[in-house]
Amino acid sequence: MRPSSQPPGPAPPPPAARRMCEHLVRRPGLEVYGAELELTCLGGPEAGKNTANRVASTLRGLTDPAGSTGRRLPFEWWRAPAGGVGATYAVTPSVAAIFLAALVR
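Residue numbers (the working numbering): 739 to 843.
Printed below as a string of structure tokens:
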């Protein structure tokens with residue numbers, strides 16, 4: 739087999755980051771709290787661990803694949819209001835449609 743002349747693509751995202759992205763994509767246009775992502779995608783809270791940090795560090799696993807291809811992350815996020823905990827995340831309906839079409843293939 740002849741070696742490819744193209745450089746290898748980015749590494750796939752870590753499984754937990756992929757689960758979070760899929761969770762958001764299946765809720766287009768809805769704002770999802772970090773606590774929901776922790777519960778549904780990371781198996782729930784972990785003693786002594788900060789929810790906001792767990793979610794943010796997991797989603798950071800999408801940064802390298804997106805950045806190495808020059809693309810933006812597929813979701814938006816907003817900091818918690820003063821006194822709040824964690825961030826809120828969402829995927830726009832148009833971005834969700836693209837990802838859902840790819841998941842169906």
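Glycine included, C-beta positions come from ideal geometry on N, C-alpha and C.
May I have the straight-line CA-CA distance separating residue 819 from residue 826, to the nearest angstrom?
Residue 819 and residue 826 have their C-alpha atoms some 10 Å from each other.
Check each candidate in 821, 807, 771 and name the one with the smallest Cα separation from residue 814.
Nearest to residue 814 by alpha-carbon distance, out of 821, 807, 771, is 771.
From 800, 758, 793, residue whose alpha carbon lies closest to that of residue 817
Selection 800, 758, 793 evaluated against residue 817 yields 793 as nearest (Cα-Cα).
Relative to the C-alpha of residue 775, which residue among 749, 758, 810 is closest?
With distances taken between Cα atoms, residue 775 lies closest to 758.
Closest Cα partner of residue 773 within the set 756, 822, 763
Nearest C-alpha to residue 773: 822.
With residue 766 and residue 830 assumed to form a contact (beta carbons below 8 Å), what rounded beta-carbon distance in angstroms separates them?
The Cβ separation is near 7 Å, so the contact holds.
Below 8 Å between beta carbons: does that hold for residue 828 and residue 768?
Between residue 828 and residue 768, the C-beta spacing is below 8 Å.
To the nearest angstrom, report how far apart residue 824 and residue 796 are at their CA atoms.
Looking at the backbone, the Cα of residue 824 and that of residue 796 are separated by about 13 Å.
From residue 779 to residue 756, what distance separates their C-alpha atoms?
In this structure, the CA atom of residue 779 is about 9 Å from the CA atom of residue 756.
What's the C-alpha gap between residue 785 and residue 798?
Approximately 21 Å between the Cα atoms of the pair.
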